[in-house]
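Student:
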Amino acid sequence: MEFETQLPADWTEGFVAVDDGVRLHYTRTGGDGPPLVVAHGVFDDGRCRTPLARDFADDYDVICYDARGHGRSDAPESGYDADSRAADLVGLLDGLDVEHPVLLGHSMGGDTVLATAANYPDRPRAVVSVDPAGLLQHNAENRDDDGVGEAEIEGVRQQVLWWHDHSKAGLLRADDEISGHVEAGEAELASLLADARLRVSANVTEVFRSGWADPEDYYADIEVPTLVVRADVGAEARERDRASVDLIPDGELLHVDDAGHCVFRDQRAAATDRVRAFLDAV
Numbered sequence: 029m030e031f032e033t034q035l036p037a038d039w040t041e042g043f044v045a046v047d048d049g050v051r052l053h054y055t056r057t058g059g060d061g062p063p064l065v066v067a068h069g070v071f072d073d074g075r076c077r078t079p080l081a082r083d084f085a086d087d088y089d090v091i092c093y094d095a096r097g098h099g100r101s102d103a104p105e106s107g108y109d110a111d112s113r114a115a116d117l118v119g120l121l122d123g124l125d126v127e128h129p130v131l132l133g134h135s136m137g138g139d140t141v142l143a144t145a146a147n148y149p150d151r152p153r154a155v156v157s158v159d160p161a162g163l164l165q166h167n168a169e170n171r172d173d174d175g176v177g178e179a180e181i182e183g184v185r186q187q188v189l190w191w192h193d194h195s196k197a198g199l200l201r202a203d204d205e206i207s208g209h210v211e212a213g214e215a216e217l218a219s220l221l222a223d224a225r226l227r228v229s230a231n232v233t234e235v236f237r238s239g240w241a242d243p244e245d246y247y248a249d250i251e252v253p254t255l256v257v258r259a260d261v262g263a264e265a266r267e268r269d270r271a272s273v274d275l276i277p278d279g280e281l282l283h284v285d286d287a288g289h290c291v292f293r294d295q296r297a298a299a300t301d302r303v304r305a306f307l308d309a310v
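Counting from 29, one number per residue, gives the positions in the sequence shown under my numbering.
Written as structure tokens, this is what we have:
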């Protein structure tokens, strides 16, 4: 059975045109709280972060946006590297007149918010980066400094086209990740992911070609309090994570027990509580 998420009536949505004319779609909870801007992971979109937005909406003005190539945002052929994604985020802040927000991102979005804090150190109040892609690539045991190969990039493009060959109902049955959430009784999450997969552009494969924000190139330039939230990994991986996060002058590292890459989905209560404690202190 398909599930459709209904946003609260007092939430708003719209579009902001950033410097190169690309329109970014956003959803906003509103309210009198400080701004919290949420950047999603690759293939997802802002709507996928609806559960997180609900959790924080009583205390924050939560803004969930669709990165270029995702959701309802425009999907040009270029502009998917870390610096361009950071410029997009700052363009969104400018368009919405948002000053000194907390930036929270996951995976690709975690990479984006770290690059934003490094390139525009006066813009955020604080940063929460959840399993950031650049950190994962930098610290991978099988790290390849040449980046992702063309064959792998083509494989990603074919995956996107495969999603587009299906209806939503078809994805709920045929996609292993999405159908797994259906079987687990997570109908809303399955629906949000299916919608995102149908909207994402094949142009987002440029994210993998362009690369991520490498810790050695970006982290030392981050001036604001920064919490890096990581999945539950082994001792050697934790040591590599620590070495990277120590490059951030005011950086803090948290590994969440029993959590995989999607930390907030796997350990929602624990992750939310720890992030709230961090934000209450900054």
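Glycine included, every Cβ here is placed at the ideal spot set by N, Cα and C.
Does DSSP put P79 in a helix, in a strand, or in coil?
Tutor: Here P79 sits in helix by DSSP.
Student: For the region 213-273, list the alpha helix (DSSP H) runs that are entirely contained and at least 4 residues long, ordered along the chain.
Tutor: Correct list: 215-227, 234-238, 243-246 and 263-273.
Student: Would you please state the rounded distance, in angstroms, between the beta carbons of V257 and V130? I believe it to be under 8 Å.
Tutor: About 13 Å separates the two Cβ atoms, so there is no contact after all.
Student: I'd like to know whether the C-beta atoms of D285 and D269 end up nearer to each other than 8 Å.
Tutor: Not in contact: D285 and D269 (Cβ atoms no closer than 8 Å).
Student: Any contact of the region 249-256 with the region 98-109, i.e. 3+ C-beta pairs under 8 Å?
Tutor: Too few Cβ pairs lie closer than 8 Å, so no.
Student: I'd like to know if the region 183-196 and the region 215-230 are in contact, where contact means that at least 3 CB-CB pairs between them fall below 8 Å.
Tutor: Flag = yes, the region 183-196 and the region 215-230 touch.
Student: Evaluate A297 with the Cβ neighbour count: other Cβ atoms within 10 Å of its Cβ, from every protein chain shown; 16 or more gives buried, anything less gives exposed.
Tutor: Result: exposed.
Student: Answer yes or no: do G162 and D87 have a C-beta to C-beta separation smaller than 8 Å?
Tutor: Contact: no.
Student: In or out: R113 buried (at least 16 other Cβ within 10 Å) or exposed?
Tutor: Buried, by the Cβ-count rule.
Student: In angstroms with no decimal places, state the Cα-to-Cα distance between R293 and G137.
Tutor: Going by the C-alpha atoms only, they are around 15 Å apart.
Student: Tell me where the beta strand (DSSP E) around D89 begins and ends.
Tutor: Where D89 is concerned, the enclosing beta strand (DSSP E) stretches over D89 to Y93.
Student: For G134, which of helix, strand or coil comes out of DSSP?
Tutor: Note on residue identity: the sequence assigns His, not Gly, to residue 134. H134 falls in the strand class under three-state DSSP.
Student: Suppose you measure from the CA of G61 to the CA of Q187; what does that come to, to the nearest Å?
Tutor: Looking at the two C-alpha atoms, the distance is approximately 39 Å.
Student: Below 8 Å on the Cβ atoms is my guess for L117 versus T144; work out the distance and round it to an integer in Å.
Tutor: That belief holds up - the Cβ atoms of L117 and T144 are roughly 5 Å apart, short of 8 Å.
Student: Go through its chain and collect everything with a Cβ distance to S238's Cβ below 6 Å, but skip five positions before and after it.
Tutor: Same-chain partners within the cutoff: Y108 and D109.
Student: Does the beta-carbon of G74 have 16 or more other beta-carbons within 10 angstroms, so that it is buried, or is it exposed?
Tutor: Buried: at least 16 other Cβ atoms inside 10 Å.
Student: Excluding the 5 residues flanking D111 on each side, which residues of the same chain have their C-beta closer than 8 Å to its C-beta?
Tutor: Answer for D111: A143 and N147, listed in chain order.
Student: Which of the three DSSP states is assigned to T312 in this structure?
Tutor: Residue 312 falls outside the range modelled here, since the chain spans only 29 to 310, and no answer is possible.
Student: In this structure, does DSSP put V65 in helix, strand or coil?
Tutor: V65 falls in the strand class under three-state DSSP.
Student: Do you know offhand how far L165's Cα is from A81's?
Tutor: Leu is not the amino acid found at residue 165; the sequence shown has Gln there. Near 28 Å, if we compare the C-alpha coordinates of A81 and Q165.
Student: Please identify the residue among C290, L199 and D301 whose C-alpha is closest to the C-alpha of G69.
Tutor: Out of C290, L199 and D301, C290 has the C-alpha closest to the C-alpha of G69.
Student: Whole angstroms are fine: how far does the CA of L282 sit from the CA of R302?
Tutor: Cα to Cα, R302 sits roughly 9 Å from L282.
Student: Taking D89 and G59 to be in contact with their CB atoms under 8 Å, please state how far apart those CB atoms are, rounded to whole angstroms.
Tutor: Going by Cβ atoms, the distance from D89 to G59 rounds to 5 Å, so yes, they are a contact pair.
Student: In chain order, what are the residue ranges of uninterrupted alpha helix (DSSP H) at least 4 long that sit wholly in the region 94-148?
Tutor: With a minimum length of 4 residues, the continuous alpha helix (DSSP H) runs that stay inside the region 94-148 are 110-123 and 136-147.
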